[in-house]
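Notes to accompany the following structure.
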């Protein structure tokens with residue numbers, strides 16, 4: 004006697020997308036740097052993507068021609084300032100990049 008069991012294929016894309024959205028929304032980290040007047044690039048650890056940038060408590064604007072741009076070399080994200088911040092605190096609020 005031969006028994007065949009057929010199981011329908013499952014599409015897990017929607018479930019995976021929902022899980023990624025939950026992780027992205029909930030996992031943020033602040034990275035603090037000290038400006039020195041010459042450094043313009045502030046690299047983040049691998050796996051983190053910048054979300055907002057504060058310099059001395061003020062929110063900076065992203066984009067070309069604004070306060071900073073974001074660069075990605077395939078492994079790390081970096082925040083590149085248009086003008087090097089002087090001796091102030093630079094805080095980058097980052098989100099886990101999945």
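Residue numbers (this note's numbering): 4 to 101. Glycine included, every Cβ here is placed at the ideal spot set by N, Cα and C.
Item to complete: Name the one or two DSSP bridge partners that residue 72 has.
Response: 83
Worksheet item: Shorter than 9 Å from the beta carbon of residue 64 to some beta carbon of chain C?
Response: No chain C is present in this structure, which holds just one protein chain.
Worksheet item: With a cut-off of 8 Å, do at least 3 Cβ pairs link the region 41-52 to the region 74-93?
Response: yes
Discussion item. On the criterion of 16 or more Cβ atoms from any shown chain inside 10 Å, does residue 75 qualify as buried, or is it exposed?
Written reply: exposed
Item to complete: Apply the 10 Å Cβ neighbour rule to residue 45 and answer buried if 16 or more other Cβ atoms are within range, or exposed otherwise.
Response: buried
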